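Scroll down for the structure; my scribbles are underneath it.
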Amino acid sequence: MATLTDVIDRPTSQSGLWSWITTVDHKRIGVLYGVTAFIFLLLGGVEAGVIRLQLAVPDNTLVDPDTFNQMFTMHGTTMIFLVIMPLSASFFNFVIPLAIGARDVAFPRLNAFSYWVFLFGGLLLNASFLTNQAPDAGWFSYANLTEKPFSANQGLDYWALGLQVLGVSSLAAAFNFVVTIVNLRAPGMSLMRMPLFVWMTLVTSILLVLAFPVITVGLIELTFDRNFGTNFFVPEGGGDPILWQHLFWVFGHPEVYILILPAMGIVSEVLPTFSRKPLFGYPVVVFSGVVIGIMGWAVWSHHMFTVGLGPVAVSVFMITTMLIAVPTGVKIFNWIGTLWGGQIDLKTAMLFALGFVALFIVGGLSGVSHAVAPSDNQQQDTYYIVAHIHYVLFGGALFGIFAGVYYWFPKVTGKLLHEGLGKLHFWLYFIGMNVTFFPMHYLGLNGMPRRIYTYASEFGWDGLNLLASLGYLVLFVGTLLFIVNLMISLRKEPDAGHDPWDAPGLEWKIASPPPVYNFAKIPQVEGLDQYWIEKRRAEAEGHPITEPEALVDPSTIHMPSPSYWPLVTAIGVLILAAGMLVDTGWDYIRFPIPFIGGLISFIGIVAWANEPPAKEHAGGDHHPEAAHGGGHLAVAAVAEHPGGGATHSVRLLCSNCNNQLSSNFRFCPYCGGAVEDPAEPHHQEG
Amino acid sequence: MSSDHGVHESRHPTLKQYVIIAIFLFAITIVEFVIILPEDFRGQGWTIAPLAILSAIKFAAVIFFYMHLKFDNRMLTWVFLGGLALGFAVVLALVGLFASWTPSPRAFAEDHAKPCTLDHELGGCLEDRPKAAPEPVDPVDQPPSEEGRTEIDPEEPPAPGGLVEIGRQVFITGTGQGAATPCVTCHTVGGVPEAVGLLGPDLSHIGTEAATRQPGVSAEDYIAQSIRDPESFIAEGVDRATPGLMLTAITAGLADEDVDALVAFLMAQQ
Amino acid sequence: MAHQTEVSHHAPEEEHPTSTGINNRKLLMWVFLSSDCLFFGSLIATYMVYRGQSLVGPYPVDIIDVPITTISTFVLLCSSFAMVRALAATNENRQGAILFWLLMTAFLGAIFIGFQVYEFNLFRSEGLRIDTNLFGSTFFTLTGFHGAHVTLGIVWLLGLAWVAKKGRLGPKTALDVELAGLYWHFVDIVWIVIFTLLYLIGGFDTGPAGDPSLVPHSITGFLGLI
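Protein chains in written order, with our numbering: chain A, 1059 to 1744; chain B, 230 to 499; chain C, 879 to 1104.
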């Protein structure tokens, strides 16, 4: 392999297709994630459209029942694993290194690997349509419906293997972001000075790291059941289908927070920016996020109240589920507190963030209503659940993500999205979302089961179903409008400037789009909302900041070189997984193709480990001071910059109510007033 | 030693310590082996505690010394122990949820289960069928059912208890075929303890009422037709809050003999 | 903080001083091991939930041979000792010793795998396959994935030995050896748990009715086969 890496130089393309294929730049990978996930969003939206058309009128036979089952299964799986998670990952990739003042993530090539594996996993899952064997057992694929006698075609194999591949991607990305956030923060950025989005990314990544192995085991056992005759979930062999439910939801409930916490992080960035005041009760929001991450592990069986767990287990999970509503509610109060008394600027990003808060409250309330086990017995597997999940995932996660899209788009492209179209997009989404999903509460309580193929007119569900289907059309138009907005905005000249929103985060300090090296000089962090601190200080000194950080010659800054090997390794992973679909029936090696994939991955990894730096950097021309993405220990930084450490040692007084505050409050938790920091100029506005 | 180790990592165990730990690990493994050596001890519940503790000691020795967590940045210890504790908690929770001592409806049902030989013709258990067949209703009081019986008797020999009794069983348990929802789910019949459903009309006196409902339709035909096509006749005063609640599909699985038996049973409800 | 930055043959972008003072790759390895705890935890949970639930034999008591597995456990413990010697040799830059101890670790790991292959074949010949009963399913899945981890570790160690043979391992690249060591020791402690649960505690489980058909195994039987 040494010979291989000796012969093949590292790729050097700076532009064109090859530069994207071999890129290890976190910003480009973020864009790749975003574009890919958006295409999957359209696909999942089309699947949703088929569902809504089929259910629009009673006794409909637009599609056959098999196709319908495939549609709702693939809609759920796509939206969760191929849309919301990677869209969040797209923001992790683009924003996190910028927000913590780093040059890149800790493992740039691993990052590229994560993206390619995600893409291949999504393609593998959807390749099932080509063989007309799309998975059809629902997005949580309960055993023993998934066993060979009941799902004879290979749909569930596609599903299990696709999710395994996506799991590899998510795990690799999560490892990367845990290390990045823990280790690569700019000097002075202590944990309690990290922007909320960074915090939520950290919690999300930790949840991913710990939750995905559990579903991996569940999927392995399912695959073994289907292909090797084991009896893990087969009652005839003594197995218990309930174990699948447990393994799925031990993963699945942390997964719910994996989906929603990034959106909460985005909203916690957007609301303060457009309210022109710091996040209300920052430490409390951080703490709530961490508590949600921990408690998220103790509630999974509330998805299973009706399977007969027994009164003790049901009571325990009922209580923990009700408790987890507390930190979530705390966050909502903090967001409202942030808005309170702020100079609210209703830009599109802000509208989506406000929509998030409103709709998430509705989803949260219906969630609490099925935390109550007796009431859940009525709601289980009805459209009420469908309404709830869409309020938290569409109204919650997706609205949060769109808030992020409108907020960071100018940073990614240097161009603002059109505000008028954006607002129309928001209102279409907000109205369409409520028209589509609110009636489902009533349908569910009237007894309409989820995943039902069609229904008789006599049940009295016609009107509300038709209404929901009309709501889908509104969402459809809203999505088209967003695409139009993207096209119009991408064609115009850059007009955003480096800091269109007067935002607090470090990412706004540099040019838009950011140069490849991000920061010419690694920033020194003095407190929370660092860029606000700098801008207000500069204004106080009479020379406001209007320009981004000056660009420097990129060749003076050492950056990771592009690489082929993440892609090669990812192709190996794809062949390894897809090869499991080809059963030769041979005696000893029934599945030969995975070995080929394994070999390709092995070659990729060995070459990866041994490849030299690109030629122009090979001379060991290394600038530790300018180049490293991380920084010194936070404490050391404080020692070097006495001003920056002020919040650590000085007791703060609220300028409004004169309450004494402990160190890290940037904002008075008693009255909401601004905090006087004697060591630095007053920087709050509201 | 690599210089990018921080100040916490400047020490590694010495060779002597490594050897001592290795011997220690071997010794514990031997003790574990000795514990289960006597045949009588094997698989005994009490061996679990010492074996688990000894394993935990081995585990700790390896992670703290061989993996030198003891000498490393404290954060790494938390990173690892966090995952370990969570994994342990998941194992404990799942074992607890599946353990026999967790009170579960399934265990309750098994404890209170009766022997049951499924009756594939009529549904329910054969054990529940009355052995001798005391005819509860005086046949003299029900001339229509006698007529009905004469019509179907040639094809189907009457089961013990007569056609009315078969009808009663079908009414209570369904037939176990097709839509299995039994009539008692929705209909009340006086004198039948299972029949307390409130969704459908009260059938306690249908035997007398049926004759007067529809001019030109005999009582038997009226009932039979209403079973086969529930929407055929709608009696006055029936709650129509949910029209079409009794679907044709519910009774589609009934054989003609079942319907005849039901008619006989219902005609007996005077 | 006067961190001195290393420049190795590895990607230099990964060798910078960090916010916590922990090397990035080392933190990555520990986060991975933490994650792997949940992986083996779930497999062990499956085994525990299905313990004693097999509908047909062979049951553990018919099959499990504790003495043989005690030997393979010793072998794996020995390999962990060899691994720490390899790391110490790397830190002290004793080139011959690095190669020797790396190969020794891999060799002992291979012996362990040999024991496992022997055991699997024996069980197979005695009628326990992965699809025979729940014991077979859970046993082969859990120990099989552990064996896969060991095999991966052997490949890693051989790769390191190849690097060592070229003289590229030394104090400056000790982290390469240390990471392989962390992985190797982790696989060892997972085996400590599996050995206790599946062999010492669960190895004498009988079937639901207390199946008396106990097939005796012994070391002599194993030696006789050789």
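Just so you know, even glycine gets a beta-carbon here, dropped at the ideal spot from N, CA and C. Given the structure is predicted, the values throughout are model-derived calculations rather than measurements.
8 Å Cβ cutoff, residue i in contact with chain B
i       : result
V1308/A : yes
V909/C  : yes
A1164/A : no
F959/C  : yes
M926/C  : yes
Close Cβ partners of residue i (< 8 Å) along its chain, the five nearest in sequence each way excluded
i       : result
Y1091/A : P1144, L1145, A1147, S1148, N1151, Y1173 and F1176
V1236/A : L1260, S1263, I1264 and V1267
G1354/A : L1265, H1311, P1312, V1314, Y1315 and I1382
D1298/A : F1291
P1572/A : K1085, L1156, K1469 and E1565
A1596/A : P1602 and I1603
Buried/exposed call for residue i, threshold 16 Cβ in 10 Å
i       : result
E1669/A : buried
E1294/A : exposed
L1244/A : Residue identity check: residue 1244/A is Ala in the sequence provided, not Leu. Burial call: buried.
T1440/A : buried
D458/B  : exposed
M475/B  : buried
W1644/A : exposed
N999/C  : exposed
Cβ neighbours of residue i in the same chain (closer than 6 Å, five flanking residues each side left out)
i       : result
L1060/C : M907
R963/C  : W979
T1084/C : Y937 and V939
I1273/A : F1309
S1527/A : R1110 and A1114
H1027/C : V1065
Beta-carbon gap between residue i and residue j smaller than 8 Å
i       : j       : result
L955/C  : F255/B  : yes
P1037/A : Y1622/A : This structure does not reach residue 1037/A, given that chain A is present from 1059 up to 1744, and the question cannot be answered.
C915/C  : G312/B  : yes
T1406/A : G1480/A : yes
L1277/A : A1218/A : yes
F968/C  : V1055/C : The sequence as given places Thr at residue 968/C; Phe does not occur at that position. Yes. Within cutoff.
I456/B  : L428/B  : no
G1400/A : S1359/A : no
S1199/A : L1214/A : yes
L1397/A : L1329/A : yes
I1365/A : I1459/A : Correcting the residue type first, residue 1365/A is Val in the shown sequence and not Ile. Contact flag unset, no.
W1666/A : R1167/A : yes
V1223/A : F1178/A : yes
Neighbourhood of residue i by C-beta, 7 Å cutoff - its chain only, sequence neighbours within 5 removed
i       : result
T306/B  : L298
S433/B  : T417, V418, G419 and Q498
E423/B  : I401 and V413
I1651/A : I1633, G1637 and V1640
I257/B  : L283, I286 and K287
L1072/C : Looking at the sequence shown, residue 1072/C is not Leu but Ile. Same-chain partners within the cutoff: L1020, T1021 and H1024.
Chain C within 8 Å of residue i, Cβ atoms only
i       : result
N1289/A : yes
T1274/A : yes
P1271/A : yes
K299/B  : no
K245/B  : no
A251/B  : yes
Any C-beta of chain A under 8 Å from that of residue i
i       : result
G1037/C : yes
I900/C  : yes
(request) Could you name each continuous alpha helix (DSSP H) segment of 4 residues or more that falls completely within the stretch 971-1050 of chain C, going from the start of the chain to the end? (result) Entirely contained in the stretch 971-1050 of chain C, the alpha helix (DSSP H) runs reaching 4 residues are, in chain order, 973-1003 and 1012-1043.
(request) Write down every uninterrupted run of the alpha helix (DSSP H) in the stretch 1607-1686 of chain A whose length is 4 residues or greater and which is fully enclosed by it, in chain order. (result) If only uninterrupted alpha helix (DSSP H) runs of at least 4 residues are considered, those enclosed by the stretch 1607-1686 of chain A are 1623-1636, 1651-1668 and 1682-1685.
(request) With a floor of 4 residues, list each alpha helix (DSSP H) that falls wholly inside the stretch 1415-1472 of chain A, ordered by position along the chain. (result) 1431-1437, 1441-1448 and 1457-1471
(request) For the stretch 909-964 of chain C, list the alpha helix (DSSP H) runs that are entirely contained and at least 4 residues long, ordered along the chain. (result) Whole alpha helix (DSSP H) segments, 4+ residues: 938-941.
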